[in-house]
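Residue numbers (our numbering): 135 to 729.
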Amino acid sequence: MSKHGARGCLTTCLAAHGEPFGRLRTGFVEPRRSPFDKLRVSGFLNTLGARLLGVALPLAAIFLMSACAPSATAPAQSGQPAAETQPQYGGVFSNYSIAADPPSLDLHKENVINLVRTISGAFNNILRHDPFDREKLVPELAEKWEISPDGKTMTFHLRKGVRFHSGDALTAADVKFSLDRIRGALKEGPGGLSLAPRKDFLVSVASIETPDDSTVVVKLTRAQASVTEFLANGWNPIYSKTWVEAGHNPAKEINGTGPFKLKQYVTGTNIEFVKNENYWSKGLPYLDGLKTFIIPDQNTAFAALRTGQVLSASVTPEQEMTLQPEIVKGASTLTLVTVPRGQTTAQLFMNVKRSPFDDLRVRQAITLAADREDFIKIAGARQGTVVSGWLIPGTYWALPEGELGKIIGHKKDKVAERAEAKKLLTEAGFPDGFTVKGMVRNEPSSVDMAIRWVDQLSKVGIKMEIAPVDVAVNYDRFAKGDYIVSPFSATTGTSPDPDTFYGMFFLCGSARNYSGWCDQKFDGLYKKQSEALDPVERRKIAWEIEKYVLEQVPTLPMGYSSPTVWASDTRVRGWLPQYDEANHSRFDTVWLATK
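Right, dumping it as structure tokens:
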């Protein structure tokens, strides 16, 4: 790096990216052999923190460093079998036995993880997370990019010869159209979105210019350290402007530039993709196709995994323990893969625009009532789940554990905290507590979590009645503010970067600000940390935000999940799970070895 550090690098370096992953990249999934491996507990957190610090600047500064990132081929991952190290062509990868149909096929519009798991292989982004290096951003539809010294102008130079599945050539107009759509600037007309759920990630974008068909210039009102991270996230692919304006609906049809094209979608059964023979990245993909089964019953899905009908799927702790002895004995063709995500929090969303949660005393009483250690213990959560604030524990950004213990609701003396909770409820006019209806997604894991919340709230006289609703209805009512309280397990960000969480859930008017909380002090602090290019200074502000939000309790976190564990057939190669599922569901580098 330049003697001027990341800032100096900006004016001198471009990130070039030719044939991105080709045949030289033969990485294999990272296997684990013991359910009690340290990676399960705190190792993944320590490793993640060390990797963030080990690159000289943490992820907040990646957008400064990305333009200098080398594009050399990454080494194969550890655990790769000695045989068949060269990728093989052919085969269909059956994966992710999702539990329900997504509400629509529009990635820009939806938030349901079933969707991004299922159709990401049809699309590309401007940038992407390197499929073999979680800490690295690389070009994708852009072949290179550059950032101005003040961090306010980003110029992307697009690849030539890229075509959508419809046959239309990719141009800068498509990128502008897509980014305008994602950031909520395109509300009417063809492709307009009245509600863009991730618009607040690009709130700093002042304009998007297209000086020619191969150049996109994004101008910001201020420096924002997380913009490139966001552009690389799988929820933000590029759509064809021409195709949409011709009358096609992204909610019902699929047309991307990605390695796989839609073959058929049988509602309630499966969705299939075939290889894009004209894919712009020569030599990719290796697979002939992808197939995702829709299986509502968890036991049926697990059976499909064990019999080889599904080659890769996430597993519950109980399923993992069932597989472990079979793997040790050599009686299974599966291997266990740890996904160091840890971005899912058990939360209680409270609508602060509705009584009684419009009263800060009530919200603080609930955080005082909540025994986080007990919650996690009763949940039977996977080893490694930890009590935390909002920022991912163990990372550069997380509030130090000693500081967390000083905040309301996080102290060790739960008897004293619950006595204080009852005092606050009395002051708020609820000396005997109150009864409230809790909206719950109608799926086993969500109902189980809601039952644990019923128990927690009962300790201070609050009775929550469970009211199950379908997943699509749940998200729709969240967006409309049509609920009072809701237990929820949410994926809170796309990286450990503070912007990816705070900007999503807490900014005034944010599309996923389901609590309806609007606080000018928070908004000011958010802006200040977001534009701070010094990571040390930015972390100080992030910690100040963390303490403030935990005290205001617009939404209540209990803890972060441990790494997700996947079971994957040993024939599956070239796949490295990322921190966010949206970033490892393209499968262009995946190949299947012969048995």
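By construction, the Cβ of each residue, glycine as well, lies at the ideal position given by its N, Cα and C atoms. From a predicted model like this one, the values you see are computed outputs, not experimental measurements.
Own chain partners of residue i with C-beta closer than 6 Å, once the 5 adjacent residues on each side are dropped
{"i": "I429", "result": "S231 and A435"}
{"i": "F290", "result": "I260, A276, W279 and V350"}
{"i": "I731", "result": "In this structure the chain extends from 135 to 729, so residue 731 is not present and cannot be described."}
{"i": "F612", "result": "Y648"}
{"i": "W725", "result": "P221, Q222, Y420, R707 and G708"}
{"i": "V619", "result": "M484, V570 and G572"}
{"i": "H544", "result": "L538"}
{"i": "T181", "result": "Low confidence applies to T181: its pLDDT is 28, below 50, so where it sits in the model is not reliable enough to give any reading."}
{"i": "N633", "result": "One detail in the question is off: residue 633 reads as Asp in this sequence, not Asn. Hits under 6 Å: S360 and S664."}
{"i": "P630", "result": "L193, I526, T529 and W531"}
Member of the options whose CA lies at the smallest distance from the CA of residue i
{"i": "Y598", "options": "L482, A366, H718 and F364", "result": "Strictly speaking, residue 598 in this sequence is Met, with Tyr absent from that position. Nearest C-alpha to M598: L482."}
{"i": "L329", "options": "Q654, A676 and N647", "result": "N647"}
{"i": "V706", "options": "L470, T252 and P393", "result": "L470"}
{"i": "G615", "options": "W651, P630, D604 and K593", "result": "W651"}
{"i": "L424", "options": "A437, T472, L396 and P345", "result": "L396"}
{"i": "A233", "options": "L239, R251, H242 and K243", "result": "R251"}
{"i": "A550", "options": "W524, L502 and L591", "result": "L502"}
{"i": "D604", "options": "V581, V588 and T344", "result": "V581"}
{"i": "T362", "options": "F257, P273 and Y713", "result": "P273"}
{"i": "G693", "options": "G528, G595, E577 and T728", "result": "G528"}
{"i": "Q590", "options": "L558, G255, T723 and R506", "result": "R506"}
{"i": "P688", "options": "E322, V462 and R488", "result": "R488"}
{"i": "L667", "options": "A357, P237, F640 and N367", "result": "A357"}
{"i": "V378", "options": "L710, G323, N367 and V594", "result": "G323"}
{"i": "F227", "options": "S282, N404, Q686 and D657", "result": "N404"}
{"i": "R672", "options": "A532, L684, A716 and V246", "result": "A532"}
{"i": "V588", "options": "P237, F509 and T456", "result": "F509"}
{"i": "V408", "options": "K511, G255, E269 and D492", "result": "G255"}
{"i": "G567", "options": "K546, P490, V296 and S719", "result": "P490"}
{"i": "G595", "options": "Y617, A438 and A555", "result": "A555"}
Residue i, buried or exposed, once every other Cβ within 10 Å from all chains shown has been counted against 16
{"i": "G325", "result": "buried"}
{"i": "S664", "result": "buried"}
{"i": "M288", "result": "buried"}
{"i": "A385", "result": "exposed"}
{"i": "M638", "result": "buried"}
{"i": "L292", "result": "buried"}
{"i": "N742", "result": "The displayed coordinates of the chain run from 135 to 729. Any statement about residue 742 would go beyond what the structure contains."}
{"i": "S644", "result": "buried"}
{"i": "D314", "result": "buried"}
{"i": "G368", "result": "buried"}
{"i": "E452", "result": "exposed"}
Close Cβ partners of residue i (< 7 Å) along its chain, the five nearest in sequence each way excluded
{"i": "N608", "result": "M573 and R575"}
{"i": "T401", "result": "D235"}
{"i": "S374", "result": "F298, S300, D302, D308 and N389"}
{"i": "F622", "result": "Q481 and F483"}
{"i": "A340", "result": "K353, L354 and T355"}
{"i": "D171", "result": "Only weak support exists for where D171 lies, its pLDDT of 31 falling under 50; the coordinates are left without a value."}
{"i": "Q498", "result": "I542, L558 and V687"}
{"i": "R317", "result": "A330, K333, L336 and V339"}
Contact belief for residue i with residue j at Cβ below 8 Å, rounded distance in angstroms
{"i": "T376", "j": "L304", "result": "In fact, because the Cβ distance is near 10 Å, the residues do not count as touching under 8 Å."}
{"i": "N229", "j": "A447", "result": "7 Å"}
{"i": "L336", "j": "F311", "result": "Their Cβ separation, rounded to whole angstroms, is 14 Å, which puts L336 and F311 out of contact at 8 Å."}
{"i": "A380", "j": "D347", "result": "That pair is no contact at about 19 Å."}
{"i": "I342", "j": "N258", "result": "With 8 Å as the limit, I342 and N258 do not qualify as a contact, their Cβ atoms being about 18 Å apart."}
{"i": "A504", "j": "L641", "result": "With 8 Å as the limit, A504 and L641 do not qualify as a contact, their Cβ atoms being about 25 Å apart."}
Per DSSP, the bridge partner or partners of residue i
{"i": "M573", "result": "A601"}
{"i": "F290", "result": "W279 and V350"}
{"i": "W677", "result": "Paired residues: none, contrary to the question."}
{"i": "E665", "result": "According to DSSP, E665 bridges with nothing at all."}
{"i": "E406", "result": "Q398 and K425"}
{"i": "T472", "result": "V699"}
{"i": "F227", "result": "L424"}
{"i": "T689", "result": "F483"}
{"i": "V339", "result": "L354"}
{"i": "I133", "result": "This structure does not reach residue 133, given that the chain is present from 135 up to 729, and the question cannot be answered."}
{"i": "S623", "result": "A480"}
{"i": "P273", "result": "L261"}
{"i": "R720", "result": "Bridge partners of R720: none, in fact."}
{"i": "L726", "result": "V706"}
{"i": "I596", "result": "F568"}
{"i": "A307", "result": "In the DSSP output, where bridge partners are listed per residue, A307 has none listed."}
Cβ neighbours of residue i in the same chain (closer than 8 Å, five flanking residues each side left out)
{"i": "L659", "result": "I675, E678, I679 and Y682"}
{"i": "E411", "result": "none"}
{"i": "G442", "result": "T467 and D703"}
{"i": "V246", "result": "P236, P237, V605, A606 and Y609"}
{"i": "S579", "result": "S623"}
heavy atom of the ligand FAD below 6 Å from residue i C-beta
{"i": "P711", "result": "This structure does not include the ligand FAD; it has no bound ligands of any sort."}
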